[in-house]
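Q: Have a look at the structure that comes next, please.
There are 2 protein chains.
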Amino acid sequence: MKFEYLNPTRLVFGAGSLSRLGEMAGTYGKRALLVTGGGSVKRSGTFERARNSLADAGITVFECEGVEPNPRISSVKRGAATARDNACDLIVALGGGSVMDASKVIAAAVLYDGDPWDMIHHGQPQPHVPTEALPLITVPTLAATGSEMNCGAVISNAETREKSFVQAECLYPKVALLDPELTVTVPKDQTAYGVCDLITHITESYFNGTGDTPIQDRFAEGVILTAMEYGPKAIADGNDLNARAQVQWAATVALNGWLSAGSGSAGYPVHMIEHTVSAFHDITHAAGLAIINPAWMRFAAKSNTAKFVQFAQRIFGLDAKGSDDLDCASAGIDRFEAFLKSIGCPTRLSELGLDDRLIETYAKETLRIVHDENGLLPGRPAMSEADVVGVLRAAL
Amino acid sequence: MKFEYLNPTRLVFGAGSLSRLGEMAGTYGKRALLVTGGGSVKRSGTFERARNSLADAGITVFECEGVEPNPRISSVKRGAATARDNACDLIVALGGGSVMDASKVIAAAVLYDGDPWDMIHHGQPQPHVPTEALPLITVPTLAATGSEMNCGAVISNAETREKSFVQAECLYPKVALLDPELTVTVPKDQTAYGVCDLITHITESYFNGTGDTPIQDRFAEGVILTAMEYGPKAIADGNDLNARAQVQWAATVALNGWLSAGSGSAGYPVHMIEHTVSAFHDITHAAGLAIINPAWMRFAAKSNTAKFVQFAQRIFGLDAKGSDDLDCASAGIDRFEAFLKSIGCPTRLSELGLDDRLIETYAKETLRIVHDENGLLPGRPAMSEADVVGVLRAAL
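Protein sequences appear in the order of chains A and B. Heads up: the first sequence runs through residues 1 to 396, numbered per this note's numbering. Heads up: the second sequence runs through residues 1001 to 1396, numbered per this note's numbering.
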């Protein structure tokens, strides 16, 4: 194990925390850009509570609304322009992963004179790695991406049909304010997608890691078990505040670095492939993950059998004949896919109306955006274009 | 779950990391006070490698050596005076928990004009809560206290026979540099004590928590299982670098807040009791913990049975008749005590030559230093003086 870890975000967790937004924000600025998505935070009254809390703390609020589910660089530019025009010194993200991701890049774009798209990986090398950003406070309104407590963001470019990411230390939020009460109005399907999203974040580092990382493995398994226990409860009864809290905490730790620190993850192949598919079709990110992840698992289990056997044993209590028992590994993947179906996620591309026409294009495009020095998609194992096509075909 | 969490320490982990000390230190200062303990870092050559790495980065090094195993406030004062006299702008701790704890308080004492003992809790209220400190880099040479990546320190006062703690955000190290190679020379007994120390840190928050914290429980159990698997390997073969690395990682996450965030721990009763006993007899901290923890567990299991049943099931795979199965809970505690014995820890006060003469004094003194509004020692359950006496008698 050889690694570096840093996460300087202050976490404030608990029902009712939204009322502390102004107090938290006051430490960092006086003029806040409040970024939101499609309008549900206004309908639910959350927006007004957030704005009032900021106003009570003497903070002037400017708005950037309408960030899309797959947030676009055009929204980033619009938000950055509003922040600049009004001399904002603080960004507050109130919404889901897309709002938080857009807010991170807005926070950096305000202090960058070039084109904000320069900051997003889209073929090597990255033209501009951000090194400074306005202070950011994240207030997630659903449990899914974990964006609230990490330094990554995924942004789409509608013109070039690209969807890719940026990761930089300056993008860590100063404060992540997690109030599970805000998530009780999330509908069943979005709740299920959140559970799928967070589990997929975990399986990516779990299965693509170096192995011999016992603590990281136990952490990952613990969060998956918890998400599989409390996720269905939150879906069945949206007002179950304890289930909402457990799922939200699971989503945050799934991607704040605690599980992946030292795991030596070689890459995030499922996410990389999904990004391409959703760049072409604007599908819900977690629906894409639910479809691609089990297909990828069946591919990866052939060469990394022992880890998939461990997964089958510790998550589903299955018996194995040995660490090379591919039948046990496969049975674990079947059980995982069945869980995704049981909470209402699609597990085939055809369920989204997609067929095989563009499969080669998705694969080529995925590898164009991210590849190692051998031209392969990083992961365990690294994937050729044919491997990606094979996984996508298996997911038809 | 309602909590706040922050840990801004940058972690650099891996065999060979010591060579990066200068590079890391250069970000924070030009004149470093290098704090060490009893001399083993000089005999092993680690001190010279650290000093050279700092010198190569253009940093002038001043020394504070001879910090005691239970670090004294007198050493803190001596270190702070050296740092002030030489206008140090950075503290580097190279040693075990005592060196790191002393270094934290030195870092704050340099910037505080009053008596540094003001900063240590010793009866309410605390005269001075530190709010600023020089930047600190920790380089642990053994895996035990987890002090490398938290903001707490425990300091003793030989004159007043007090041993107590301070916790403040300004005491977080800027960098924790963990090089498992530095721990291969740690003798068997100290390695075992480190394993006991780290597990006790975990059991304190695990058993004194609010319950219904499934993720925190899984994390805690995962680290305990790992420490029980790799600890004996590191004891059996000190040169097993992977075992050393796993134990070191376990010690760090045991007390960096990841396991306790949101667990709602009511207190650290085992530590509080041990602090008093070792303030009187200068015993090895972890030896005291190995003795007091099983005795405390038997006391606490009577009222918090379900959690001890979970421990017995998940750590030792024991079967339970139900969550109120005190026999199962007790069997788990027996197995835990047997593990401590198996790695060479004492489990009775008599093994350290201590008898019952001062038991009432220890109990009174423990409660004088830390008590809740009802005069009880915080924990689950809160303890009266008679409860503390009972636990200590059971540990004779």
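Even glycine gets a Cβ: it sits at the ideal position worked out from N, Cα and C. From a predicted model like this one, the values you see are computed outputs, not experimental measurements.
In whole angstroms, what is the alpha-carbon distance linking Ala1290 of chain B and Thr1347 of chain B?
A: Near 5 Å, if we compare the C-alpha coordinates of Thr1347 of chain B and Ala1290 of chain B.
Q: Mind listing the chain A neighbours of Ile1215 of chain B? Cutoff is C-beta to C-beta under 8 Å, in chain order.
A: Simply Gly222, Val223, Thr226, Gln246, Trp249, Ala250, Val253.
Q: Quick check on the DSSP output: what are the complete beta strand (DSSP E) runs of length 3 or more inside the segment 1051–1077 of chain B, in order along the chain?
A: Complete beta strand (DSSP E) runs here, min 3: 1060–1064.
Q: Could you tell me which whole alpha helix (DSSP H) segments of length 4 or greater appear in the segment 90–137 of chain A?
A: DSSP runs (the alpha helix (DSSP H)) wholly in the segment 90–137 of chain A: 97–109.
Q: I want to verify the contact list: residues of chain A whose CB lies under 7 Å from the CB of Asn1242 of chain B, in sequence order.
A: In chain order: Asp212.
Q: Closest by CA to Asp1089 of chain B, which one among B:Gln1167, B:Glu1132, B:Gly1390, B:Asn1304?
A: Answer by Cα proximity: B:Glu1132.
Q: Taking the alpha helix (DSSP H) that Lys233 of chain A falls in, what are its first and last residues?
A: Run containing Lys233 of chain A: 214–236, per the alpha helix (DSSP H) assignment.
Q: Whose Cβ in chain B lies nearer than 7 Å to the Cβ of Val397 of chain A?
A: The structure shown does not extend to residue 397 of chain A, since chain A is modelled only from 1 through 396, so no value can be given for it.
Q: Could you tell me whether the Cβ of Tyr28 of chain A comes closer than 8 Å to any Cβ of chain B?
A: No, Tyr28 of chain A lies away from the interface with chain B (no Cβ there is under 8 Å from its Cβ).
Q: Which stretch, first to last residue, makes up the alpha helix (DSSP H) that contains Tyr1206 of chain B?
A: Start and end: 1188–1207.
Q: In angstroms, rounded to a whole number, what distance separates the CA positions of Phe336 of chain A and Asn242 of chain A?
A: When rounded, the distance between both Cα atoms is 24 Å.
Q: Pull up the DSSP beta-bridge partners for Phe1013 of chain B, would you.
A: A:Phe3, B:Leu1178, per the DSSP bridge assignment.
Q: Have a look at Ala295 of chain A and Thr200 of chain A and give me their C-alpha separation to the nearest angstrom.
A: Distance between the alpha carbons of Ala295 of chain A and Thr200 of chain A is about 13 Å.
Q: For the segment 1022–1053 of chain B, enumerate the residues whose C-beta is nearer than 8 Å to any C-beta of chain A, in chain order.
A: Within the segment 1022–1053 of chain B, no residue qualifies.
Q: What is the DSSP secondary structure of Ser19 of chain A, reduced to helix, strand or coil?
A: The answer is helix: DSSP assigns Ser19 of chain A an H, G or I state.
Q: Three-state secondary structure (DSSP) at Gly79 of chain A?
A: Gly79 of chain A: helix per DSSP, three-state reduction.
Q: Taking 8 Å as the threshold, find out whether the segment 16–27 of chain A comes into contact with the segment 171–183 of chain A through three or more Cβ pairs.
A: At 8 Å Cβ cutoff, the stretches touch.
Q: In three-state DSSP terms, what is Glu162 of chain A?
A: It is a strand residue.
Q: Alpha carbon to alpha carbon, how far is Arg161 of chain A from Phe280 of chain A?
A: Cα to Cα, Arg161 of chain A sits roughly 6 Å from Phe280 of chain A.
Q: Quick one: does Gly146 of chain A have its CB under 8 Å from some CB of chain B?
A: Not an interface residue.
Q: Between which residues of its own chain and Phe1219 of chain B is the CB-CB distance below 7 Å, once the five residues before and five after are set aside?
A: Around Phe1219 of chain B: Trp1258, Leu1259.
Q: Compare the C-alpha of Ile1073 of chain B against each of B:Asn1304, B:Asp1325, B:Asp1101 and name the closest.
A: Measuring from the Cα of Ile1073 of chain B, the nearest candidate turns out to be B:Asp1101.
Q: Helix, strand or coil, according to DSSP, for Val41 of chain A in the structure here?
A: In this structure, Val41 of chain A counts as helix in the three-state DSSP scheme.
Q: Is Gly257 of chain A helix, strand or coil by DSSP?
A: Note: Gly257 of chain A maps to coil in three-state DSSP.
Q: Alpha carbons only, please: which of B:Asp1197, B:Gly1029, B:Gly1344 is nearest the one belonging to Gln1248 of chain B?
A: Taking only the C-alpha atoms, the option nearest Gln1248 of chain B is B:Asp1197.
Q: Could you check how far apart the C-beta atoms of Leu1142 of chain B and Thr1183 of chain B are, in whole angstroms? I think they sit under 8 Å.
A: Contact flag correct, Cβ pair sits at about 5 Å.
Q: Do you know offhand how far Pro125 of chain A's Cα is from Ile106 of chain A's?
A: So the two alpha carbons sit approximately 21 Å from each other.
Q: Can you tell me whether Leu1318 of chain B is helix, strand or coil according to DSSP?
A: It is coil, neither helix nor strand.
Q: If Tyr362 of chain A and Lys174 of chain A are in contact, beta carbons under 8 Å, what's the gap, nearest whole angstrom?
A: Wrong, their Cβ atoms sit about 37 Å apart, outside the cutoff.
Q: Can at least three beta-carbon pairs, one atom from the segment 1185–1194 of chain B and one from the segment 1149–1161 of chain B, be found at a separation below 8 Å?
A: The segment 1185–1194 of chain B, when compared against the segment 1149–1161 of chain B, does not touch it at the 8 Å Cβ threshold.
Q: Between which residues of its own chain and Thr1276 of chain B is the CB-CB distance below 6 Å, once the five residues before and five after are set aside?
A: So the list reads Tyr1362, Glu1365, Thr1366, once near-sequence residues are dropped.
Q: Can you list, in chain order, the residues of its chain whose CB lies under 7 Å from that of Glu360 of chain A, leaving out five sequence neighbours each side?
A: Excluding residues within five positions, the ones whose Cβ falls inside 7 Å are Val389.
Q: Could you give the C-beta distance for Ala1331 of chain B and Leu1318 of chain B, rounded to a whole number, given that I count them as a contact under 8 Å?
A: Yes, they are in contact, since the Cβ atoms of Ala1331 of chain B and Leu1318 of chain B sit about 6 Å apart, within 8 Å.
Q: Please state whether the Cβ-Cβ distance between Gly1146 of chain B and Gly1096 of chain B is less than 8 Å.
A: Going by C-beta atoms, Gly1146 of chain B is not nearer than 8 Å to Gly1096 of chain B.
Q: Mind checking which residues open and close the alpha helix (DSSP H) that includes Leu392 of chain A?
A: Note, Leu392 of chain A: alpha helix (DSSP H), 385–394.
Q: Within a Cβ cutoff of 6 Å, which residues of the same chain sit near Val92 of chain A, ignoring the five residues on either side of it in sequence?
A: Answer for Val92 of chain A: Ala32, Leu34, Ile137, listed in chain order.
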